[in-house]
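Protein chains in written order, with the numbering used here: chain A, 7 to 118; chain B, 882 to 996. Positions of the beta carbon are idealized from the N, C-alpha and C atoms, including for glycine.
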Amino acid sequence: GNSVTQMEGPVTLSEEAFLTINCTYTATGYPSLFWYVQYPGEGLQLLLKATKADDKGSNKGFEATYRKETTSFHLEKGSVQVSDSAVYFCALSVEGAQKLVFGQGTRLTINP
Amino acid sequence: NAGVTQTPKFRILKIGQSMTLQCTQDMNHNYMYWYRQDPGMGLKLIYYSVGAGITDKGEVPNGYNVSRSTTEDFPLRLELAAPSQTSVYFCASSYPELRGPYEQYFGPGTRLTVT
């Protein structure tokens, strides 16, 4: 079946630190991959996406590269800010299926 | 363009009561979804709909019902509330592009407590 596994949280970093949140997946077919972010008290919003192997999604200083050989889509940011504190979800969708499969989410807290 | 709206924002129910969570989208999206998010967990799909008049079960449909009479609205009904249904509920919608990637747009959520 299709599944997404994210690194365990919570993650706490200092401002300007380097961020990596690991995400690996199992999927039939050729999935599209997403990172969603949920700020406190809000719904999820799309952060970035990649639709095929070796694609790099990027937005707001965050990046993730679709690695088919390692079935991974790790989220990175070079210098985090307090405003990046949120819960981050990795997700996939498989061609022909109208549903997303989510990881369990990783809570990120950035201290000033 | 309001996107996906949900009402109410918060609700407390007694065991055995019923209620309807409302969801409306103004983006003319065919696909709509209901998820629940339990503390420290990811999102679990309750029901989804690919168009007016068509609904299907997700991972965790027991205790819930849905209907889709219009493209815009996708209400979620809880008939006999139980403490296990305490959760945050999110509605989402998407437009079915031919090859995906099926990006979904989320509402702000309804926080439900059953006591």
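### Message
Between Pro16 (chain A) and the ligand MG, is there a pair consisting of the residue's CB and a ligand heavy atom that are separated by less than 8 Å?
### Response
For the structure depicted, the ligand MG is absent and the ligand set is empty, with no information on it obtainable.
### Message
Rounded to whole angstroms, what is the Cα-Cα separation between Leu961 (chain B) and Ile927 (chain B)?
### Response
Within the second sequence, the letter at position 80 stands for residue 961 (chain B). Within the second sequence, the letter at position 46 stands for residue 927 (chain B). So the alpha carbons of these two residues sit roughly 16 Å apart.
### Query
Got a sec, what are the start and stop residues for the beta strand (DSSP E) Met900 (chain B) sits in?
Numbered from 1 along the second sequence, position 19 holds the residue referred to as residue 900 (chain B). Unbroken beta strand (DSSP E) run through Met900 (chain B): 900 to 906.
### Task
Using a Cβ cut-off of 9 Å (strictly closer), state whether Phe971 (chain B) contacts chain A.
The residue you call residue 971 (chain B) lines up with position 90 of the second sequence. So yes, Phe971 (chain B) belongs to the interface.
#### Entry: Buried or exposed (CB count within 10 angstroms, at least 16 for buried), Gly63 (chain A)
Mapped onto the first sequence, residue 63 (chain A) falls at position 57. Of the other Cβ atoms in all chains shown, 16 or more fall within 10 Å of the Cβ of Gly63 (chain A); this residue is therefore buried.
### Query
Is it true that the region 98 to 112 of chain A meets the region 64 to 76 of chain A, where meeting means three or more beta-carbon pairs spaced less than 8 Å apart?
Contact between the region 98 to 112 of chain A and the region 64 to 76 of chain A is absent, with fewer than three C-beta pairs closer than 8 Å.
### Minimum C-alpha distance to Gln999 (chain B) - residue among B:Thr996, B:Asp954, B:Glu984, B:Ala963
The structure shown does not extend to residue 999 (chain B), since chain B spans only 882 to 996, so no value can be given for it.
#### Entry: Among B:Asn882, B:Pro977, B:Phe987, B:Pro942, nearest to Arg958 (chain B) - alpha-carbon criterion
Translated into positions along the second sequence, residue 958 (chain B) becomes position 77. With distances taken between Cα atoms, Arg958 (chain B) lies closest to B:Pro942.
### Query
When you compare only the Cα positions, how much space is there between Lys74 (chain A) and Cys29 (chain A)?
Start at 1 with the first residue of the first sequence, and residue 74 (chain A) comes out as number 68. Start at 1 with the first residue of the first sequence, and residue 29 (chain A) comes out as number 23. Those two C-alpha atoms are separated by around 12 Å.
### Task
Excluding the 5 residues preceding and the 5 following Val107 (chain A) in the sequence, name in chain order all residues of the same chain whose CB lies nearer than 7 Å to its CB.
Within the first sequence, residue 107 (chain A) is the residue found at index 101, counting from 1. Closer than 7 Å at the Cβ level, and outside the excluded window around Val107 (chain A), lie Asn8, Ser9, Val10, Ala97, Leu98.
### Message
So if DSSP puts Leu52 (chain A) in a beta bridge, which residue, or which two residues, is it bridged to?
### Response
What you label residue 52 (chain A) is simply residue 46 of the first sequence in a count that begins at 1. DSSP, once it has assigned bridges, lists A:Tyr42 as partnering Leu52 (chain A).
### Message
Let me check understanding here. Comparing Cα to Cα, which of A:Lys105, A:Thr112, A:Gln104 lies closest to Tyr94 (chain A)?
### Response
Here residue 94 (chain A) refers to the residue found at position 88 when the first sequence is read from its first residue. It is A:Thr112 whose Cα lies nearest to the Cα of Tyr94 (chain A).
### Query
Around the C-beta of Asp90 (chain A), are 16 or more other C-beta atoms found within 10 angstroms, so that it is buried, or is it exposed?
In the first sequence, the residue the question calls residue 90 (chain A) occupies position 84. Counting every other CB atom within 10 Å of its CB across the protein chains shown gives Asp90 (chain A) a total of 16 or more, marking it as buried.
### Query
Would Pro87 (chain A) count as contacting chain B if we go by Cβ distances under 9 Å?
What you label residue 87 (chain A) is simply residue 81 of the first sequence in a count that begins at 1. Residue 87 (chain A) is actually Gln in this sequence, not Pro. No, its Cβ sits nowhere closer than 9 Å to a Cβ of chain B.
### Task
Report yes or no: is there a C-beta of chain A within less than 9 Å of the C-beta of Phe955 (chain B)?
Within the second sequence, numbered from 1, the residue matching residue 955 (chain B) stands at position 74. Judged by the 9 Å Cβ criterion, Phe955 (chain B) is not in contact with chain A.
#### Entry: Candidates B:Asp937, B:Ser965, B:Glu984, of which the one nearest Ser974 (chain B) by Cα
As a position in the second sequence, residue 974 (chain B) is number 93, starting the count at 1. Just measuring C-alpha positions, the residue of B:Asp937, B:Ser965, B:Glu984 sitting nearest Ser974 (chain B) is B:Glu984.
### Message
Would you say Met908 (chain B) lies against chain A (beta-carbon separation less than 9 Å)?
### Response
Taking the first residue of the second sequence as position 1, residue 908 (chain B) is located at position 27. No, no contact with chain A.
### Task
Would you verify that the beta carbon of Glu48 (chain A) is, or is not, closer than 9 Å to some beta carbon of chain B?
Stepping through the first sequence from its first residue, residue 48 (chain A) is reached at position 42. At a cut-off of 9 Å between C-beta atoms, Glu48 (chain A) counts as an interface residue with respect to chain B.
### Query
Roughly how many whole angstroms lie between the Cα atoms of Gly990 (chain B) and Cys904 (chain B)?
Indexing the second sequence from 1 puts residue 990 (chain B) at position 109. Indexing the second sequence from 1 puts residue 904 (chain B) at position 23. Rounded to whole angstroms, Gly990 (chain B) and Cys904 (chain B) show a C-alpha spacing of 10 Å.
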